[in-house]
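Undergrad:
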Amino acid sequence: MNLIREIWQSIVRRDPLSTDKGKSELVFLNVWLHIHPAKVKKENMKFRHTFYLGFITFFLFLILLTTGIALMCYYRPYPPQAYQDMKDLQFVVFMGPFLRNMHRWAAHGMVICVFLHMCRVFYTGSYKKPRQFNWVIGVLLLLVTLSLSFTGYLLPWDQLAYWAITVGTNIGSYAPLIGGQVRELLLGGHSVGEGALIRFYVLHVAVLPAIIILLTIVHFWRVRKDGGLSKPVWKLEPKKAETLVTIGAPAVVAPMQAVAASKEKTYGLMEVVTGKPIFETITPEEEEDTVFSYPYAFVREAVVMMATVTTIMTMSLFLNAPLEELANPAKTPNPAKAPWYFLGLQELVSHSAFLGGVVAPALMVLALLAIPYLDRNPSRRLADRKLILWLFTIFVVANLVLIVVGTFFRGPGWALVPPWVHVVGGTE
Amino acid sequence: MDRREFFKISWGAVGIAALVSAVGVSLAAVVRFLMPSVFYEPPQSFKIGEPGDFPFGPPTFLVDEKIFVFRDRDKGFAVASAVCTHLGCTVAHFSSDQRFHCPCHGSVFGADGAVQHGPAPRALDWFEVTQARDGQLRVDKDKVVPPTYRLMV
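One line per chain: the protein sequences are A and B, in this order.
Okay, so the first sequence: first residue is 251 according to the numbering used here, each after it adds one.
Okay, so the second sequence: first residue is 576 according to the numbering used here, each after it adds one.
#1: Please confirm if Val654(B) has its CB atom under 7 Å from at least one CB of chain A.
#2: Helix, strand or coil for Leu486(A)? Go by DSSP, reduced to three states.
#3: Locate the alpha helix (DSSP H) running through Lys419(A), then write down its first and last residues.
#4: Please tell me whether Thr416(A) has its Cβ less than 7 Å away from any Cβ of chain B.
#5: Show which residues of chain A have a CB atom less than 9 Å away from the CB atom of Thr635(B).
#6: Considering only residues of the same chain and omitting the five flanking positions on each side of His286(A), which have a CB-CB separation below 7 Å?
#7: Would you kindly report the start and end of the unbroken alpha helix (DSSP H) that includes Trp670(A)?
#8: My assumption, with CB atoms under 8 Å, is that Arg326(A) sits in contact with Asp338(A). Please give the rounded CB distance.
#9: Using the Cβ count rule (16 or more neighbours within 10 Å means buried), how would you classify Thr493(A)?
#10: Between which two residues does the beta strand (DSSP E) carrying Gly624(B) extend?
#11: What are the boundary residues of the alpha helix (DSSP H) that includes Asp715(B)?
#12: Which same chain residues, not among the five before or five after Ala593(B), have their C-beta less than 7 Å away from its C-beta?
#13: By the DSSP assignment, the beta strand (DSSP E) with Ile642(B) in it spans what residues?
#14: Is it right to say His676(B) is buried, meaning 16 or more other beta carbons lie within 10 angstroms of its own, or is it exposed?
#15: Evaluate Thr705(B) with the Cβ neighbour count: other Cβ atoms within 10 Å of its Cβ, from every protein chain shown; 16 or more gives buried, anything less gives exposed.
#16: Would you list, in chain order, the members of the region 647-671 of chain B that have their beta-carbon closer than 7 Å to a beta-carbon of chain A?
#17: Which of the three DSSP states, helix, strand or coil, is assigned to Val199(A)?
#18: Of all the residues that make up the region 653-666 of chain A, which are near chain B by a beta-carbon distance shorter than 8 Å?
#19: With distance defined between alpha-carbon atoms, name the residue in Leu435(A), Asn384(A), Gln331(A), Phe344(A) nearest to Pro406(A).
#20: In terms of residues, what are the limits of the alpha helix (DSSP H) holding Trp640(A)?
#21: Rounding to the nearest angstrom, what Cα-Cα distance links Ile462(A) and Leu398(A) in this structure?
#22: Would Thr401(A) pass as an interface residue toward chain B - the criterion being a Cβ-Cβ separation below 7 Å?
#23: Give me the Cα-Cα distance between Pro630(B) and Val683(B), rounded to the nearest whole angstrom.
#24: Measuring only the C-alpha atoms, how far is Phe450(A) from Val728(B)?
#25: Using a 10 Å radius around the Cβ and a threshold of 16 neighbouring Cβ atoms, would you call Arg708(B) buried or exposed?
#26: Thinking just about the alpha-carbon of each residue, which of Leu393(A), Phe659(A), Leu436(A) is nearest to the one in Leu616(A)?
#27: Beta-carbon within less than 8 Å of Tyr302(A)'s beta-carbon, same chain only, minus the 5 sequence neighbours each way: which residues are those?
#28: Could you run through the region 416-435 of chain A and flag, in chain order, every residue whose CB is less than 9 Å away from some CB of chain B?
#29: Applying a beta-carbon distance threshold of less than 8 Å, which residues of chain A neighbour Gly681(B)?
#30: So, with DSSP's three-state summary, where would you put Glu492(A)?
#31: What are the boundary residues of the alpha helix (DSSP H) that Thr307(A) is part of?
#32: Residues of chain B with CB closer than 7 Å to the CB of Ala557(A), please, in chain order.
#33: Over the uninterrupted alpha helix (DSSP H) stretch that includes Thr540(A), give me the two end residues.
#34: Assuming contact is defined by CB atoms lying nearer than 7 Å, are Phe661(B) and Pro694(B) in contact in what I supplied?
#35: Compute the beta-carbon to beta-carbon distance between Lys378(A) and Arg660(A), rounded to the nearest angstrom, for a pair I have assumed lies under 8 Å.
#36: Report yes if the CB atom of Gln409(A) is closer than 7 Å to the CB atom of Ala577(A), and no otherwise.
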């Protein structure tokens, strides 16, 4: 028994979790958990502060990673086989439809949650100093998420996939000077064909996941280094707003107590440097308001994870991911639509390909990236930020309206058809 | 500037230049690598059959080539692209109004291919059609011709 105990203690080297030391060692002696602080502010765990959207997004990504690897075992990225493999997944493979549904719904969910998370961060002003660059990382993560979803859209090689990617990549080719070449580079040919399928596959299962994992690590790391989550907006005090977002050490520092060296204590070798930290420092009163991450934060995370997985699993039991007939380059479905999150773009493109397909999205992305640098207002309080809140709300609503119009109000020939009108046979 | 500083700066510059050019060349090589040297795609110039294969009246749609072959008793042959100039969807020719309709964004092209309605930025392409030595019709998608172009056989 002693050997078993020794093995166990060689793996888990922390003190028992009943002690405060054990609770903190659980976090900082563990490479996977130490992205958490040992203690967290109570207010930061409130649901109404973050709606846990970042965690939900992360857990959706984990679902995508695991189901995606499973699906790879039965998928060959080559035109005729790719579609056959989808049919196999649908009808032959054990749990195939369930896994594919989970992958599909988690992907849509991730696009939605990344967007909602961005809105939450915007409305709470959490992109402000010192978190400006983390907002930029976040916008990049949004773009990579969209790219992942877009590249995955082609892989079933059905009519839906083929024409969504044909329309989607043609939008890109309107970019001046390089648009055509970039499309050729992406497709490995002049039209969506076998070259495009293998390239999209490589992007989808290797390149983009690697990028999103690297960016996520930076994203989380910076949240941690910025002192955890931003302070909830309801905790912000009027007038003193600037001091709350200004970084730096407290003005008055208590004199250090000299303690005689003793053999009872052990010492780690650390370096003492001068200067101020970049993160928000907390006051002794705020310190009072913290609890150990174990169990309080971890339990909440586990609950969010279970809720996310359960939701996706339940959806996957009842809703099937669409699979249309085999891709047919000769027959364009009417109407041919891009993936739903690009339908706002397609709606714009139906009016002007260059303005709607190139200028508008480029300006949108640039504006999002520049927000923390253009917004010079140091206050995070909603009452102090009326104008920019309105602007952002208009941006969000405009995008939603365009997507809704493109998704539900466009019929054959891209004619304006309300969803409650049933078109028989289209225009042909 | 003393000798030591001169060498420090110049070696530094040489180092940075070497790094930048190495990265630049590597990036260029990656881009070139991703550009296929051979496209395993259908050729741009191909034979479509004997002139007698095509009826007078409504155009014949060739699915794989994505072209319409028009044959007129008086004017002869003409070949129009079926690829919408907007976003690459395949247009359909309606005999009822003699126009081309795109299903994706509602572009409409007249009988001569000119944009009449919708977001398409330019007219449909017309391709050169010639008669090969064996009597078959040959279409060359690399040679765009005016809509008035006709081949009399």
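Just so you know, even glycine gets a beta-carbon here, dropped at the ideal spot from N, CA and C.
TA: In short:
#1: What you label residue 654(B) is simply residue 79 of the second sequence in a count that begins at 1. Output row for Val654(B): interface = no.
#2: For the purposes of this step, residue 486(A) is identified with residue 236 of the first sequence, where counting begins at 1. Coil at Leu486(A), not helix or strand.
#3: Translated into the one-based positions of the first sequence, residue 419(A) becomes position 169. The amino acid at residue 419(A) is misidentified as Lys; the sequence shows Thr. For Thr419(A), the enclosing alpha helix (DSSP H) covers residues 409-422.
#4: Position 166 of the first sequence, counting from 1, holds the residue named residue 416(A). Yes, its Cβ sits closer than 7 Å to a Cβ of chain B.
#5: Position 60 of the second sequence, counted from the first residue, corresponds to residue 635(B). Going along chain A, no residue has its Cβ under 9 Å from Thr635(B), so there is no contact; the nearest lies around 13 Å.
#6: Counting from one through the first sequence, the residue named residue 286(A) turns up at place 36. Correct list, in chain order: Val277, Ser543, Ala547.
#7: On the first sequence, residue 670(A) is found 420 positions in, with the first residue counted as 1. Looking at the DSSP string, Trp670(A) is not in any alpha helix (DSSP H), and its letter there is neither H nor E.
#8: Within the first sequence, residue 326(A) is the residue found at index 76, counting from 1. Within the first sequence, residue 338(A) is the residue found at index 88, counting from 1. Not really, about 10 Å apart at Cβ, beyond 8 Å.
#9: Stepping through the first sequence from its first residue, residue 493(A) is reached at position 243. Only weak support exists for where Thr493(A) lies, its pLDDT of 48 falling under 50; the value from the coordinates is given anyway. Exposed, since its Cβ has fewer than 16 Cβ neighbours within 10 Å.
#10: Mapped onto the second sequence, residue 624(B) falls at position 49. From DSSP, the beta strand (DSSP E) with Gly624(B) extends over 620-624.
#11: Start at 1 with the first residue of the second sequence, and residue 715(B) comes out as number 140. Taken as a continuous stretch (DSSP letters only), Asp715(B) belongs to no alpha helix (DSSP H), being part of the beta strand (DSSP E) at 712-720.
#12: The residue you call residue 593(B) lines up with position 18 of the second sequence. Same-chain partners within the cutoff: there are none.
#13: As a working note, residue 642(B) is residue 67 in the second sequence. Per DSSP, Ile642(B) belongs to the beta strand (DSSP E) from 642-647.
#14: Translated into positions along the second sequence, residue 676(B) becomes position 101. Its Cβ being crowded by 16 or more others within 10 Å, His676(B) is buried.
#15: Position 130 of the second sequence, counting from 1, holds the residue named residue 705(B). By the 10 Å Cβ count, Thr705(B) comes out exposed.
#16: His661, Leu662, Gly663, Cys664, Thr665, Ala667
#17: Residue numbering for chain A in the displayed model covers 251 to 678; residue 199(A) lies beyond these limits and cannot be assessed.
#18: Pro662, Gly663, Trp664, Ala665
#19: Counting from one through the first sequence, the residue named residue 406(A) turns up at place 156. The shortest CA-to-CA distance from Pro406(A) to any of Leu435(A), Asn384(A), Gln331(A), Phe344(A) is the one to Gln331(A).
#20: Taking the first sequence and counting its residues from 1, one reaches residue 640(A) at position 390. Here the alpha helix (DSSP H) through Trp640(A) covers 636-658.
#21: Numbered from its first residue, the first sequence carries residue 462(A) at position 212. Numbered from its first residue, the first sequence carries residue 398(A) at position 148. Taking the straight line joining both Cα atoms gives about 9 Å.
#22: Here the question's residue 401(A) lines up with position 151 in the first sequence. No, Thr401(A) lies away from the interface with chain B (no Cβ there is under 7 Å from its Cβ).
#23: Locating residue 630(B) in the second sequence gives position 55, where the first residue counts as 1. Locating residue 683(B) in the second sequence gives position 108, where the first residue counts as 1. Whole-angstrom Cα-Cα distance: 24 Å.
#24: The sequence position of residue 450(A) within the first sequence is 200, counting from 1. The sequence position of residue 728(B) within the second sequence is 153, counting from 1. Straight-line Cα distance between these residues: approximately 46 Å.
#25: Numbered from 1 along the second sequence, position 133 holds the residue referred to as residue 708(B). So Arg708(B) ends up on the exposed side.
#26: Here residue 616(A) refers to the residue found at position 366 when the first sequence is read from its first residue. Taking the Cα of Leu616(A) as reference, the smallest distance to any Cα among Leu393(A), Phe659(A), Leu436(A) is reached at Leu393(A).
#27: Translated into the one-based positions of the first sequence, residue 302(A) becomes position 52. Once the five neighbours on either side are set aside, the close Cβ partners of Tyr302(A) are Arg550, Val554.
#28: Thr416, Val417, Gly418, Thr419, Asn420, Ile421, Ser423, Tyr424, Gln431, Glu434, Leu435
#29: Sequence index remark: in the second sequence, residue 681(B) carries index 106 (1-based). Going along chain A in sequence order, the residues near Gly681(B) (Cβ under 8 Å) are Ser600, Gly663, Trp664, Ala665.
#30: Indexing the first sequence from 1 puts residue 492(A) at position 242. Note that Glu492(A) has pLDDT 49, beneath the 50 cutoff, so the model's placement of it is unreliable and no number is given.
#31: The sequence position of residue 307(A) within the first sequence is 57, counting from 1. Its alpha helix (DSSP H) spans residues 303-322.
#32: Reading the first sequence from its first residue, position 307 is the one you call residue 557(A). Think of a sphere of 7 Å around the beta carbon of Ala557(A): no beta carbon from chain B falls inside it, the nearest being about 39 Å out.
#33: Here the question's residue 540(A) lines up with position 290 in the first sequence. Taken as a continuous stretch (DSSP letters only), Thr540(A) belongs to no alpha helix (DSSP H), being part of the beta strand (DSSP E) at 540-542.
#34: Indexing the second sequence from 1 puts residue 661(B) at position 86. Indexing the second sequence from 1 puts residue 694(B) at position 119. Going by the sequence as given, residue 661(B) is His instead of Phe. Going by C-beta atoms, His661(B) is nearer than 7 Å to Pro694(B).
#35: As a working mapping, residue 378(A) is identified with position 128 in the first sequence. As a working mapping, residue 660(A) is identified with position 410 in the first sequence. Between Arg660(A) and Lys378(A) the Cβ distance is about 39 Å, and since that is not below 8 Å, they are no contact.
#36: In the first sequence, the residue the question calls residue 409(A) occupies position 159. In the first sequence, the residue the question calls residue 577(A) occupies position 327. Cβ distance < 7 Å, so Gln409(A) and Ala577(A) count as in contact.
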